[in-house]
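In what follows, a structure is listed as structure tokens, so that the remarks can point back to it.
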Amino acid sequence: MSYRTWRKRKLKVLITVKTYPIPSTKYDELVCTAGVTEEGEFIRLYPINFRDLPYEKQYKKYQWIEVEVMRHEQTDIRKESFRPDNDTLKILGNPILPNSGNWDKRKRYVLKKEARSLDELKEQFKVDQTSLGIFKPQKIEDFIVSSDSEDWKPEFYSALQQHRLWEERKSSLKPPRKVPYKFHYKLKCEDERCKGHKLSIHDWELGALYWKLIDDGHSENETVQRVRERFFDELCSETRDTYLFVGTMKDRFNPWIVLGLFYPKKELTRDLFGFGQE
712 MSYRTWRKRK LKVLITVKTY PIPSTKYDEL VCTAGVTEEG EFIRLYPINF RDLPYEKQYK
772 KYQWIEVEVM RHEQTDIRKE SFRPDNDTLK ILGNPILPNS GNWDKRKRYV LKKEARSLDE
832 LKEQFKVDQT SLGIFKPQKI EDFIVSSDSE DWKPEFYSAL QQHRLWEERK SSLKPPRKVP
892 YKFHYKLKCE DERCKGHKLS IHDWELGALY WKLIDDGHSE NETVQRVRER FFDELCSETR
952 DTYLFVGTMK DRFNPWIVLG LFYPKKELTR DLFGFGQE
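Just so you know, the sequence shown maps onto residues 712 to 989 in the working numbering.
Encoded structure:
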């Protein structure tokens, strides 16, 4: 499919990731949603104020949607970026669920355009402005946590106040809660060009887990430790084939960021006697 030969059309997209919502001086509240077409082409959809979508339009991961989209034209040169008409958004059936831990139905679409490494994606960006992809790190070495500001910048609040002055909202009268930490993966690719990477994690599920634990009464230290246990000890363990969905930010094409994870369990191989081996 050529991304540059049409202006408006209807797309069918399998949702794979949502980023944690952030205030935006231009879009009010910004959630970047990404997914793949039936051909495995990556698509980025924004702006979508997900928290204010009607319930029947609040899609889940690995759920097909159909929506009319337009190019962002000169405001975003990344080839996968499209502006959705949220009024046309339709959910098509139920999410694709694992079958007893088997992720093959998801893999059929998600891994069609798997990249060899992040280094390959960076090189491809230079060729055709590829800015979304998925790859399997050779090793995710560490999960790095650092402190961040506890609140959004003042200019965000000013912009939000103007955006929402005359609007009636149910979910997002207030901006999303800001997670007061930054989370990064330190990793190596299976590529001779790789010198190691440190990637910031923007997955909605990480932010949601953080606030769920805080709301359940856990201390900040306990919460950070449990987030690490989930996103590193569990999802990046030796029992998982862990891939990373990655993409660039609009105004800064480097560094790339982690949008989400794809983490099927490793498949067992059979020895000569029929016993399973890792």
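Just so it is clear, CB atoms sit at the ideal spot from N, CA and C, and this is done for glycine as well.
Model, not experiment: these values are computed from the prediction.
For the beta strand (DSSP E) holding residue i, just list the boundary residues, first then last.
| i | result |
| --- | --- |
| E852 | K850 to S858 |
| I845 | L843 to F846 |
| I754 | F753 to L756 |
| T744 | T744 to V747 |
| S828 | Per DSSP, S828 belongs to no beta strand (DSSP E) and is neither H nor E. |
| Y896 | Y892 to K899 |
| K909 | H908 to I912 |
| P795 | S792 to P795 |
Near residue i, which residues of its chain fall below 8 angstroms by C-beta distance, leaving aside the five closest residues on each side in sequence?
| i | result |
| --- | --- |
| Q769 | F761 |
| S911 | K893, F894, H895, P966, I968 and V969 |
| I925 | E931 and T934 |
| H929 | R937 |
Is residue i helix, strand or coil by DSSP?
| i | result |
| --- | --- |
| P887 | coil |
| T730 | strand |
| D815 | helix |
| W877 | Legend: pLDDT at W877 = 43, less than 50; position of this residue unreliable, value from coordinates given subsequently. In this structure, W877 counts as coil in the three-state DSSP scheme. |
| Y773 | coil |
| D839 | helix |
| E945 | helix |
| L972 | strand |
| R762 | helix |
| Y954 | strand |
| K801 | strand |
| E903 | coil |
| E978 | coil |
Going by alpha carbons, who is nearest to residue i out of the options?
| i | options | result |
| --- | --- | --- |
| N797 | V778, H783, N813 and T786 | V778 |
| E806 | R819, L725 and K818 | Checking the displayed sequence, the identity of residue 806 turns out to be Pro instead of Glu. Ranking the options by Cα distance to P806, first place goes to L725. |
| K790 | T959, L972 and G971 | T959 |
| V904 | V890, Y921, D830 and T934 | First, the amino acid is wrong: residue 904 is Arg here, not Val. Considering only alpha carbons, the answer is D830. |
| Y820 | Y738, Q774 and K864 | Q774 |
| E978 | V957, T953 and K961 | T953 |
| P886 | L898, D902 and F867 | F867 |
| L822 | R755, V780, F956 and W922 | F956 |
| F943 | L972, D962, W922 and K723 | L972 |
| F793 | H913, L803 and G746 | G746 |
| E834 | L917, R937 and D902 | D902 |
Count the other CB atoms within 10 Å of the CB of residue i; is the residue buried (16 or more) or exposed (fewer)?
| i | result |
| --- | --- |
| I788 | exposed |
| V838 | exposed |
| T799 | exposed |
| E989 | Low per-residue confidence applies at E989: pLDDT is 43, beneath 50, and the placement is therefore not dependable, though the value from the model is reported in the following sentence. Its Cβ having fewer than 16 others within 10 Å, E989 is exposed. |
| P891 | exposed |
| Y766 | exposed |
| L808 | exposed |
| P734 | buried |
| R720 | exposed |
In its own chain, which residues sit with a C-beta less than 6 angstroms from the C-beta of residue i, not counting the 5 before and 5 after it?
| i | result |
| --- | --- |
| A826 | L832, G844 and F846 |
| K801 | E777 |
| C947 | I851 and T953 |
| P732 | E740, V742 and P887 |
Quick one: residues in its chain with C-beta nearer than 7 angstroms to the C-beta of residue i, no 5 flanking neighbours on either side, listed in chain order?
| i | result |
| --- | --- |
| K688 | Missing from the structure shown is residue 688; the chain here goes from 712 to 989 and no further. |
Could you give the residue range of the alpha helix (DSSP H) that holds residue i?
| i | result |
| --- | --- |
| Y921 | W915 to D926 |
| R677 | Residue 677 lies beyond the stretch modelled for the chain, which goes from 712 to 989, so this question has no answer here. |
Would you say the beta carbon of residue i is closer than 6 angstroms to some non-hydrogen atom of the ligand MN?
| i | result |
| --- | --- |
| D952 | In the structure shown, the ligand MN is absent, as is every other ligand, since no ligand is present at all. |
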